[in-house]
Amino acid sequence: MFEVKNLEVRYRDQIPALQNLSFSLRKGEAIGVVGRSGAGKTTLLKALVRTLPRDAKVNKGEILYRDKSIFKFSEREFNRLRGKAIGMLPQNAQASLNPFLKIRKFIAEGSRRHQGMGWKQAKAEALKLIELVGLESAWSSAYPAQLSGGMRTRTVLAALLVCGADYILLDEPTSGLDIIAQVSLAELLNKIRKIEGVGMLIVSHELPFVWQVCDKIIMLERGKVVEEIERGHPGFQSKLAREFLESVPRINDGNLK
Amino acid sequence: MEARDISRVFMKSGKNFYAIENVNLFIRSGEFLGLVGPSGSGKTTIGRILVGLLPATRGKILLEGNEICFPFSKKVRPMLQLVFQEPASSLSPRLNILDLVREPLILNRFPADKSKDMALKLIYEVGLGEEHLNRYYWELSGGESQRVALARAMVLRPKIVVLDEVSSGLDPITAIEISNSVKKLSGRYGTSIIFITHDLGLAWSYCERILFISHGKISGEISEKEKRLSPQARKMVEVTIKRQSILSS
Chain A
29 MFEVKNLEVR YRDQIPALQN LSFSLRKGEA IGVVGRSGAG KTTLLKALVR TLPRDAKVNK
89 GEILYRDKSI FKFSEREFNR LRGKAIGMLP QNAQASLNPF LKIRKFIAEG SRRHQGMGWK
149 QAKAEALKLI ELVGLESAWS SAYPAQLSGG MRTRTVLAAL LVCGADYILL DEPTSGLDII
209 AQVSLAELLN KIRKIEGVGM LIVSHELPFV WQVCDKIIML ERGKVVEEIE RGHPGFQSKL
269 AREFLESVPR INDGNLK
Chain B
637 MEARDISRVF MKSGKNFYAI ENVNLFIRSG EFLGLVGPSG SGKTTIGRIL VGLLPATRGK
697 ILLEGNEICF PFSKKVRPML QLVFQEPASS LSPRLNILDL VREPLILNRF PADKSKDMAL
757 KLIYEVGLGE EHLNRYYWEL SGGESQRVAL ARAMVLRPKI VVLDEVSSGL DPITAIEISN
817 SVKKLSGRYG TSIIFITHDL GLAWSYCERI LFISHGKISG EISEKEKRLS PQARKMVEVT
877 IKRQSILSS
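Keeping their order, the protein sequence lines are chains A and B. Here the first sequence is numbered in the working numbering, starting from 29 and rising by one per residue. Here the second sequence is numbered in the working numbering, starting from 637 and rising by one per residue.
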């Protein structure tokens, strides 16, 4: 279990990027964090995997992984957890691809490194994942430069899943994905959650997407929680949540200008 | 502007692969045209061909009735602008915001004082303030740097601006603010906008006409007069409507 208690992160000892944030994430559970840009969403994910930039500091509070503070792990110990136990899909997923590796090999590297598989088995596993994330297997021998933005996001997601992490942290997984891909990604995440019992923390601007996947949504504004809502409970109350709902453009037959 | 039967062929594993195939489209002056389609459908390729960043393998591009050939001439290039999805990829980290917006004017030999006034006017029009002038794009938020890219594209008063997924990666509130700025500027300067997006809802709220692109071909069109949808385009409309119902519930 991941547990965040009264977390406060400050940049350059001044501006609080996160304040008084508490929640816990169990295996098989999915929590969505929604907010405008600059609300501290990415800072939260970076704090959870201990990759905060140098000018950012955890001032107060605690992050516990399996009841042990993550700050008490040595760098080496924590490095072993990254990828294998805690996976993260960064916001700019495309930058994490290796331009010199075909995508199948890129994905296979994850299972070799973290699951100790041989190349042959790892490549077969990679093919399975490529199909699972909805890429045609013909693309498995393509280089990242030959793929579209959405395909690259899916490749990185496949590389993340192949490591078999217990918890995955997704930073804006839908950016650059079209709506059909978003719906299939939501279905995919739900499937993984059910089958593998993975715990997920999803940071996103896309309220409908988060709604489809998560049991609980935390709305953040300037580092503070303005609303928490659980599935099955009555609708959003905060001004921020209502603004989010209203700003999603609607289509109907009448309003094409 | 008109594109007639344009195709772009890439070589993939020794075979010809059509990124776009026989695309015909036109855009009227001052029109807001949406290009909507799934990722990998060829939207960006069309946008790049239209502004002359990429040659079409086949087909013709006409601007005001005259054919323009790749590479586009110095006279034509300032009339066609493109704003990228990722503003960071097109903005210099060494120039401050004022200089970034001024650069296209200087390169096109506008006098110094006039270029400064024109740049300042546009910076204010896209919703940035005096406090931004001496900063750099990497000090700004995603939405703000996208505004800088927009000001830079509009400062030469182009005839056509292609916006390539400018709102993706932005929160919905910012996305609407940017789209409103585009609408305002396009109305003021009579610029035609080609709005490339995979967000049908956004295109629906701003565009007068929407073309659906799938597998490199135009698969549907929606406008006040016409509604013609292929099964893929229909699916996109249905999924978008279904998704809205999640929000309403």
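C-beta atoms are modelled at their ideal positions from N, C-alpha and C, and glycine is treated no differently.
Asked	Found
For Lys285 of chain A and chain B, any beta-carbon pair shorter than 8 Å?	With a pLDDT of only 43 at Lys285 of chain A, under the threshold of 50, the placement of this residue in the model should not be trusted; the figure read from the coordinates follows. Yes, Lys285 of chain A lies at the interface with chain B (some Cβ there is under 8 Å from its Cβ).
Go to Lys156 of chain A, then tell me how far its alpha helix (DSSP H) extends in each direction, as first and last residue.	147-160
Out of B:Ser643, B:Arg664, B:Arg684, point me to the one whose CA is closest to Leu799 of chain B's CA.	B:Arg684
Closer than 8 Å, Cβ to any Cβ of chain B: which residues of the region 56-68 of chain A, in chain order?	Gly63, Arg64, Ser65, Gly66
Can you pull out the residues from the region 247-281 of chain A whose beta carbon lies closer than 7 Å to at least one beta carbon of chain B?	Glu271, Phe272, Leu273, Ser275, Val276, Pro277, Arg278, Ile279
Taking Cβ-Cβ distances shorter than 7 Å, what residues in chain B pair up with Val77 of chain A?	Correct list: empty, because the minimum Cβ distance to chain B is about 21 Å.
Answer yes or no: does any C-beta atom of chain B fall closer than 8 Å to that of His233 of chain A?	yes
Secondary structure at Asp243 of chain A, three-state DSSP: helix, strand or coil?	coil
May I have the straight-line CA-CA distance separating Phe831 of chain B from Ser169 of chain A, to the nearest angstrom?	32 Å
Is the closest heavy atom of the ligand FMN to the C-beta of Leu157 of chain A under 7 Å?	As far as ligands go, the structure on display features none, and thus does not contain the ligand FMN.
Buried or exposed: which applies to Trp7 of chain A, given that a residue is buried once 16 or more other Cβ atoms fall within 10 Å of its Cβ?	With chain A covering only 29 through 285, there is no way to say anything about residue 7 of chain A.
What are the residues of the region 849-866 of chain B that lie near chain A, defined by any Cβ-Cβ distance shorter than 8 Å?	Ile858, Ser859, Glu860
When you compare each of B:Glu775, B:Glu844, B:Arg713 to Leu669 of chain B by their alpha carbons, which one comes out closest?	B:Glu844
Could you pull the start and end residues of the beta strand (DSSP E) that Leu736 of chain B belongs to?	That residue, Leu736 of chain B, is in no beta strand (DSSP E); its alpha helix (DSSP H) goes 733-743.
Would you say Leu205 of chain A faces chain B, with C-beta separation under 8 Å as the test?	yes
DSSP three-state label for Thr183 of chain A, please.	helix
Should Val762 of chain B and Ala787 of chain B be called a contact, given that it needs their Cβ atoms to be closer than 8 Å?	yes
Listed in chain order, which residues of the region 171-189 of chain A have Cβ atoms closer than 8 Å to some Cβ of chain B?	Gln174, Leu175, Ser176, Gly177, Gly178, Met179
Taking the CB atoms as reference points, tell me whether Phe30 of chain A and Leu76 of chain A lie closer together than 8 Å.	yes
Pull up the distance between the alpha-carbon of Val253 of chain A and that of Gly66 of chain A, whole angstroms please.	13 Å
Of the residues that make up the region 209-223 of chain A, which ones have a beta carbon closer than 7 Å to any beta carbon in chain B?	Ala209, Val211
Would you kindly check if the distance between the Cβ of Cys191 of chain A and the Cβ of Gly251 of chain A is under 8 Å?	no
Taking only the alpha-carbon atoms, compute the straight-line gap between Arg82 of chain A and Gly89 of chain A and give it to the nearest angstrom.	18 Å
Is the distance from the Cβ of Gly28 of chain A to the Cβ of Leu248 of chain A below 8 Å?	Because chain A is modelled from 29 through 285, residue 28 of chain A falls outside the range shown and cannot be assessed.
Using 8 Å as the cut-off, can you tell me whether the region 197-216 of chain A makes contact with the region 226-242 of chain A, which would need three or more C-beta pairs spanning the two stretches below that distance?	yes
DSSP state of Asn283 of chain A, grouped into three classes?	Residue placement at Asn283 of chain A is flagged as unreliable, the pLDDT there being 47, under the threshold of 50; the coordinate-derived value follows with that caveat. It is coil, neither helix nor strand.
Which same chain residues, not among the five before or five after Glu57 of chain A, have their C-beta less than 7 Å away from its C-beta?	Gly227, Asp243
For the 8 Å Cβ check, are there 3 or more pairs between the region 206-225 of chain A and the region 665-679 of chain B?	yes
Tell me which residues of the region 804-821 of chain B have at least one Cβ-Cβ distance to chain A shorter than 8 Å, keeping chain order.	Ser804, Gly805, Leu806, Asp807, Pro808, Ile809, Thr810, Ala811, Ile812
Verify whether the separation of the beta carbon atoms of Leu4 of chain A and Leu216 of chain A is less than 8 Å.	Any property of residue 4 of chain A remains undetermined from this structure, which presents chain A solely from 29 to 285.
Check whether the Cβ of Ser777 of chain B lies closer than 8 Å to any Cβ atom in chain A.	yes
Quick one: which chain A residues come within Cβ less than 9 Å of Lys648 of chain B?	Ala170, Gln174
Could you check how far apart the C-beta atoms of Ile733 of chain B and Tyr773 of chain B are, in whole angstroms? I think they sit under 8 Å.	7 Å
How would you call Ile223 of chain A, buried or exposed, if buried means at least 16 neighbouring beta carbons within 10 angstroms?	exposed
Starting from the Cα of Pro277 of chain A, find the closest Cα among B:Glu857, B:Leu865, B:Ile829, B:Ile809 and give me that residue.	B:Ile809
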